[in-house]
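Chains as they are written, first to last, in this note's numbering: chain A, 82 to 431; chain B, 1371 to 1972. No residue lacks a Cβ here, since even glycine has one placed at the ideal position from N, Cα and C. Bear in mind that the values here come from a model prediction, so they are computed numbers and not experimental data. Below is one structure; the comments refer to it alone.
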Amino acid sequence: MSYQVPKFRHPELPVNDLGYTKADYEGSISTLCAGCGHDSISGAIVMACHELSIEPHKIAKLSGIGCSSKTPTYFLGKSHGFNSVHGRMPSVVTGAAMANRDLLYLGVSGDGDTASIGMGQFAHVARRNLNMVYIVMNNGCYGLTKGQDSATADEGSVSKKGDPNVYSGIDLCGTAMQMGATFVARSFSGDKGQLVPLIKAAITHRGFALIDVISPCVTFNNNPQSTKSYEFVREHAEATGTVDFIPMRKEITTDYDPGFSHEVTLHDGSSIHLYKMDETHDPFDRRSAINTLEDHRSKHSILTGLIYMDKDSRELHEVLETSQRPLNQLEEGDLCPGNKMLENINASLR
Amino acid sequence: MKPTDIKNPEYFHKVVDCQYACPAHTPVPEYIRLIAAERYTDAYMVNWHSNVFPGILGRTCDRPCEPACRRVRVEEDPVAICRLKRVAADNKQTIADRLPKIPEQKNGKRIALIGAGPASLTVARDLAPLGYIIDIYDNQFAGGGMMRSQIPAFRLPIEVLDEEVNYILDMGVNATFDVEVDSLRSVLDKNYDAVFVGTGAPRGKGLNLPGLEDAREHVYLGIDWLASVAFEHTGSIGKRVLVLGGGNTAMDCCRTSRRLGGEDVRVVVRSPFEDMKASPWEKEDAMHEGIPIYNNHVPKEFVVEEGELKGMLFEKVEARYDEDGNRSLVPTGEDLVFMEADDVLMAIGQENAFPWIERDLGIEFDKWDMPVVDTVTYQSTNEKVFFGGDAAFGPENIITAVAHGHQAAISIDLLCSGRDVTDRPPPQVTLASQKMGVHEWSYDNAVAPDHRYVVPLAPLEEALANRKLEVELGFDPGTGYKEAERCLNCDVQTIFEEVRCIECDACVDICPTDCITFTGNGEEEELRTRLSAPAHDTTQDLYVSADLPTTRVMVKDENVCLHCGLCAERCPTSAWDMQKFLYNVTKAGQDIPPAGEKEAAA
Ligand SMILES: Cc1cc2nc3c(=O)[nH]c(=O)nc-3n(C[C@H](O)[C@H](O)[C@H](O)COP(=O)(O)OP(=O)(O)OC[C@H]3O[C@@H](n4cnc5c(N)ncnc54)[C@H](O)[C@@H]3O)c2cc1C
Ligand SMILES: Cc1ncc(C[n+]2csc(CCOP(=O)(O)OP(=O)(O)O)c2C)c(N)n1
Ligand code: SF4
Ligand code: SF4
Ligand code: SF4
Ligand SMILES: [Mg+2]
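Written out as structure tokens, the structure is:
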């Protein structure tokens, strides 16, 4: 088995604004099972970060435990990383993000890591609207521990083990919306055309951005009766619309039919174009989003694309009015402002 | 696009860039792997079957394979394919027991070969084992043609030449040396079943410049002079030597001059340095021996004073190119440049000459007085007379002569067995999976990042003191191994089976050089714009699958595939497999794979 990817790359790889090629955003060779959906998501993350020209040292990737949580080793090899304990990625990101607001926080988790052991942490990080991208690589099972049904497995879905799941599955997009997430999307590992612009939009969004990516576990949950298999997802996925991410300063070249098209300008001047398939769904209205989600659930179809986005999102730092500078850049003078200041404070409390 | 027909042997043949570029289509990666496995004798035999002169070619081949090598599309330098061939030759054991058996009982067919250069020797090598009675006629004292008379011993030691020429002469062929054939009719009159003309392009071109008459004693035609050095009729040259011309003959002339007493030896060439015909490595070797190359100098006249050659005058020019890229050499208007010389060697080209072929033998000659020869069968308009090597289409090189020889031998065999000479045998191909287990391959699929290794040279002073001392020392086995590991195994093909594919994208994600795309089908030109990475090189094919369940197709740009096998390793359903594609040009009378191939596979 190969333990290294060859050094050579395509001689004409495009370079981004920083002069980097995609190769500069890659990590070590994956040790996941051949064909695991998680690897495609890693590939999509590499593409999105490259295309957005993010400096690799400005990214922190954090994860919990699981095959999905192993993937940060396989992308962004030059970025910061923290592989935490099972289900605890959100609290580690919260701490890190509070201490240093200058980094881009990319949390990677699994459906087990998020919807079982990490459910409480997930709920609260969404509720706090922490400025981060939270990617769930959702395969409906615990891949790393040999494929037990997870809490996102659909009722009646059959994994390789052979028994239909008796519980109803948790819909992470619905849960996140209920908890206060300000950007909620669903996608499929086998559809980079949709996933890459969604990741870019999530990165640019200010606040908690969840992308629930259905990502088949080829080894334990890719049989035809599983609702998280390549075949089933391809047949049952229905997109809210096509999403196009247009970076700041780039000209819009596509013609959008105004009737179905929404343009959303993000805080940094870039924009998302959403070309809707479904007229009744308004992704900027929480009620409409929740309804659409529920409609699709009852039809047994898998709703993908941008489901909800709060254009007026205020992320945690804004809400808490924290220091504009990362804590590690604060000098003694900032932290101990002196007797005069202390007297002023005391006086104000008298 | 239509799904690629991978059953057509030419499809994968083209993917093996080096083998495809080689006129004889030597299975290069196959022998390189054998060298890495220290199976030098096997590696030698793979070569011997294909190119007949591995030891000679491993030192002198023009190596059209190297500029074609895939490696130059992903890094600076090609694999040292040619010098690896020499590693096989230098380290092999005896091959006596592997040579074809020559039947005692002949088949009754008599073939005359005129000239004993590589073209004729190849015909002999292919036909003697089939029982043909072979008569060779050559005007030199021994076999080898220009490999003996022209290529200097410091590039090709006599022992190496003798060994490989003798493998063939020892096949019971009747060779008559020191005989000038001055009439083709007289040969045909001997009732041969077929005659092969392999007499090369033996006439050197000269320049008729003012002063030549008076300077004649000190002006030589390069190829005649090299032959007289090789045959030890000439042993010295003046201290100041001017070599006119920019091809490989000029390079051999100047380097030989340095060894025969030339101290101030200069190469003077009309064209710009980059446009010179000599291979880059030949120019480097000459310059390394302290020989300057004066480019953009057009020879004007010989300067003779009191009956003695003093030197030559040259006009300085510069190259100008019109919109179509046509070059013209325009005088700069500066004063003529004088260069001193005791001797001048003219190495400006060679041409064919067939004064000995009567024009009423049914052999048609074209307006350039060249015989009309079929480019596939090598037959002339007289069905019994075949041409090959430099005699067929003008001066080329050894490997081309060998390739012609193989094809002419097939034609002669077809003619003598009453079959149609245009009915060419298909190549012999095999395709075999290299899978040894889960994610394990029987070839070394890791891609070595090493840069090309440099062949060590003999110390300059020693080399210049001895005309016969071989300059290149060759790779030692250790370096040979490292160089062999640079080969990308382009013959181990990526085979895609669409029925197994679940479109999980794993291969797309892992491929280091972005070869693979899943997308909607389209016409080639448009499809090329939609691939994962730029794909402008239309000389490299696209491998297109049939429709997949999502109605997309798999498109693989063969251009910079590293044959690393990662796509197949990452494929959960083995829709990709790595399969070795062995392509052998069929030789005369071959219905079964040649011995070397069986040995290599064993
Ligand atoms: C200086 C020089 C250096 C070269 N270096 C290289 C090199 O490094 N690598 C490379 O690949 N190629 C090289 N070549 C080219 C190569 O030598 C020829 O392309 C090749 O030898 C052609 O082979 P052939 O069999 O067609 O003919 P030749 O090798 O030319 O053999 C023809 C033979 O026929 C004989 N002959 C001709 N007419 C008659 C006749 N009427 N009767 C009897 N015998 C006759 C000739 O004397 C000769 O022995 C070089 C050529 C020259 C001139
Ligand atoms: C505290 C703790 N409990 C249980 C485990 C065992 N464990 C390891 S991974 C895993 C589930 C992983 O599932 P998921 O997050 O969906 O990742 P996947 O492997 O499916 O990508 C479990 C239960 C553990 N490592 N730590
Ligand atoms: S067990 Fe499943 S989730 Fe884990 S690497 Fe293998 S295919 Fe992927
Ligand atoms: S890498 Fe090896 S097989 Fe490929 S073209 Fe070069 S020498 Fe030939
Ligand atoms: S062998 Fe496969 S993975 Fe490797 S370069 Fe070629 S197509 Fe890409
Ligand atoms: Mg899971």
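For the putative contact between residue i and residue j, defined by C-beta atoms under 8 angstroms, what is the C-beta separation to the nearest angstrom?
i, j, result
"Ser123/A", "Ser144/A", "Incorrect: roughly 12 angstroms between the Cβ atoms, too far for contact."
"Cys1360/B", "Thr1887/B", "Lying outside 1371 to 1972, the shown extent of chain B, residue 1360/B is not represented and no answer is given."
Strictly under 8 angstroms for the Cβ-Cβ distance: is residue i near chain A by that measure?
i, result
"Val1687/B", "no"
"Thr1604/B", "no"
"Arg1898/B", "no"
"His1809/B", "yes"
"Cys1941/B", "yes"
"Ala1972/B", "Low per-residue confidence applies at Ala1972/B: pLDDT is 39, beneath 50, and the placement is therefore not dependable enough to give any value."
"Leu1582/B", "no"
"Asp1879/B", "yes"
"Glu1873/B", "yes"
"Thr1864/B", "no"
"Asp1884/B", "yes"
"Leu1801/B", "no"
"Glu1445/B", "yes"
"Leu1706/B", "no"
"Cys1934/B", "yes"
"Ala1876/B", "yes"
"Asn1859/B", "no"
Please tell me whether residue i has its Cβ less than 8 angstroms away from any Cβ of chain B.
i, result
"Ser268/A", "no"
"Asp366/A", "no"
"Glu136/A", "no"
"Ala449/A", "The requested residue 449/A does not occur in the structure, where chain A is confined to residues 82 to 431."
"Gln275/A", "no"
"Tyr356/A", "no"
"Leu99/A", "no"
"Ser83/A", "yes"
"Pro278/A", "no"
"Asp105/A", "no"
Please determine, among the options, the residue with the shortest C-alpha to C-alpha distance to residue i.
i, options, result
"Lys227/A", "Leu355/A, Gly414/A, Leu430/A, Cys148/A", "Cys148/A"
"Leu99/A", "Val294/A, Gly116/A, Thr112/A, Glu132/A", "Glu132/A"
"Ser172/A", "His354/A, Asp194/A, Tyr101/A, Lys159/A", "Asp194/A"
"Asn303/A", "Pro137/A, Lys241/A, Gln410/A, Ala129/A", "Lys241/A"
"Ala141/A", "Ala129/A, Thr102/A, Ser160/A", "Ser160/A"
"Thr1396/B", "Phe1866/B, Val1743/B, Ala1773/B", "Ala1773/B"
"Lys1754/B", "Thr1909/B, Lys1852/B, Trp1418/B, Ile1481/B", "Ile1481/B"
"Thr1626/B", "Val1638/B, Ala1600/B, Arg1640/B, Trp1651/B", "Ala1600/B"
"Val1535/B", "Met1716/B, Pro1393/B, Arg1900/B, Gly1487/B", "Gly1487/B"
"Val1825/B", "Lys1575/B, Glu1446/B, Gly1850/B", "Gly1850/B"
"Ala1523/B", "Arg1837/B, Lys1852/B, Glu1928/B, Leu1901/B", "Arg1837/B"
"Thr1492/B", "Tyr1913/B, Pro1701/B, Gly1758/B", "Gly1758/B"
"Phe1547/B", "Ile1504/B, Glu1587/B, Ala1450/B, Gly1485/B", "Gly1485/B"
"Leu279/A", "Ser150/A, Ile327/A, Gly250/A", "Ile327/A"
"His138/A", "Ala129/A, Ser351/A, Gly158/A, Ala125/A", "Gly158/A"
"Asp1634/B", "Ile1607/B, Gly1617/B, Ala1597/B", "Ile1607/B"
Just to confirm the assignment: which complete beta strand (DSSP E) runs, minimum length 3, are found wholly within the stretch 1561 to 1596 of chain B? 1564 to 1567, 1589 to 1591
Determine contact between the stretch 1739 to 1753 of chain B and the stretch 1453 to 1470 of chain B, defined as no fewer than three beta-carbon pairs at a distance below 8 angstroms. no
Using 8 angstroms as the cut-off, can you tell me whether the stretch 1507 to 1519 of chain B makes contact with the stretch 1797 to 1811 of chain B, which would need three or more C-beta pairs spanning the two stretches below that distance? no
Would you list, in sequence order, the uninterrupted beta strand (DSSP E) runs of no fewer than 3 residues that lie entirely inside the stretch 1790 to 1842 of chain B? 1798 to 1803, 1805 to 1807
Hey, is the stretch 251 to 259 of chain A in contact with the stretch 301 to 317 of chain A, meaning 3+ C-beta pairs nearer than 8 angstroms? no
Just list the alpha helix (DSSP H) runs in the stretch 131 to 163 of chain A, keeping only unbroken ones of 4 residues or longer that don't cross its boundaries, in chain order. 148 to 151
Should the stretch 1936 to 1952 of chain B be called in touch with the stretch 1854 to 1872 of chain B, which here means at least 3 C-beta pairs below 8 angstroms? yes
Output the residue ranges of the beta strand (DSSP E) runs that lie fully inside the stretch 1592 to 1642 of chain B and measure 3 residues or longer, sorted by chain position. Runs of the beta strand (DSSP E) lying entirely within the stretch 1592 to 1642 of chain B and spanning at least 3 residues, in chain order: 1610 to 1614, 1634 to 1638.
Report the start-end ranges of each alpha helix (DSSP H) in the stretch 333 to 397 of chain A that is 4 residues or longer and not cut off at the edges. DSSP runs (the alpha helix (DSSP H)) wholly in the stretch 333 to 397 of chain A: 367 to 379.
Tell me whether the stretch 1556 to 1565 of chain B and the stretch 1735 to 1744 of chain B touch, counting them as touching only if at least three CB pairs, one residue from each stretch, are closer than 8 angstroms. no
Contact the stretch 1372 to 1388 of chain B vs the stretch 1403 to 1420 of chain B: 3+ CB pairs below 8 angstroms: Because the criterion of three Cβ pairs below 8 angstroms is not met, the stretch 1372 to 1388 of chain B and the stretch 1403 to 1420 of chain B do not touch.
Please give me, in chain order, every unbroken run of the beta strand (DSSP E) with length at least 3 that falls completely inside the stretch 1420 to 1485 of chain B. 1480 to 1484
Using 8 angstroms as the cut-off, can you tell me whether the stretch 1425 to 1440 of chain B makes contact with the stretch 1469 to 1480 of chain B, which would need three or more C-beta pairs spanning the two stretches below that distance? no
Scan the stretch 1879 to 1961 of chain B and note each continuous beta strand (DSSP E) run of 3 residues or more that stays entirely inside, going in chain order. List check, beta strand (DSSP E) in window: 1886 to 1889, 1912 to 1914, 1923 to 1927, 1946 to 1954.
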